[in-house]
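Read through the structure below, which is laid out as structure tokens, and then see the notes.
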Amino acid sequence: MGMMLMNNNFDDKNQRDFDLNTERLVQAIDKVRASNSLPPTISQLSKLTGMHRNAISKRVWPSQKLKEIKTERIRKAETSPQPAKRLDPVKVLEDKLENAKRELVYWFNKNLDNEKQIKQLEQNLHRMTDARSYYENMLKQERIKTSELTTQISILKELL
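As numbered in our numbering, the sequence shown has no gaps in its residue numbers, which increase by one up to the final residue, 163.
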């Protein structure tokens with residue numbers, strides 16, 4: 004008997020939660036229907052109600068209502084003439100100016116990077132040139148020593 008009473012309490016709580024969630028879904032669907040800025044999706048209902056998307060999907064009627072809203076919006080879009088978008092010429096020019104500024108900054112920074120790279124390459128070239136000169140002199144001195152030693156060896160061979 005105690006178990007039956009406990010189940011009944013859970014059943015009552017579950018029914019209250021179910022009814023509360025149903026009311027939340029109805030309100031959320033009304034909000035979505037009223038505002039074109041809210042997309043008619045399960046995900047949007049989830050955000051508005053705080054319910055998990057799967058919990059909403061398990062109930063069939065919210066999906067049906069969302070499909071109705073989607074078809075209503077499509078029908079309205081097809082029947083209402085779309086006014087040609089009038090672009091503000093000042094806004095267009097400001098956007099172009101902003102893009103030009105961004106491109107200028109990009110190329111300026113690219114130029115600075117290239118100048119740094121050129122300086123580094125020039126320094127490397129200078130170091131390599133100095134090293135080459137140093138080793139050429141060293142080779143020249145070693146050849147002179149080798150020549151002198153070869154001459155001394157020849158003289159020593161003649162003496163023996």
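The beta carbon of each residue, even a glycine, is placed where N, CA and C say it ideally should be.
In the displayed model, N39 falls within coil according to three-state DSSP, outside both helix and strand. DSSP, reduced to helix, strand and coil, places M131 within a helical segment of the structure shown. Annotation: the continuous alpha helix (DSSP H) that includes R78 extends over 63 to 82.
For the 8 Å CB-CB criterion, T52 and R27 form a contact.
If you draw a 10 Å sphere on the C-beta of K50, you find fewer than 16 other C-beta atoms in it, and that means exposed. Between Q47 and V29, the gap from beta carbon to beta carbon reaches 8 Å or more. For L163, there is no enclosing alpha helix (DSSP H), as DSSP gives it neither H nor E. Residue range 45 to 52 is occupied by the alpha helix (DSSP H) that includes T52. Residue environment analysis places A103 among the exposed positions, since fewer than 16 neighbouring C-beta atoms fall within 10 angstroms of its C-beta. In this structure, the CA atom of Q126 is about 26 Å from the CA atom of K143.
Nearest to P65 by alpha-carbon distance, out of F111, M141, K122, A31, is A31.
By the Cβ-count criterion, K68 is buried, with 16 or more other Cβ atoms from all chains shown falling within 10 Å of its own Cβ. Taking the Cα positions, L107 is about 39 Å away from P42.
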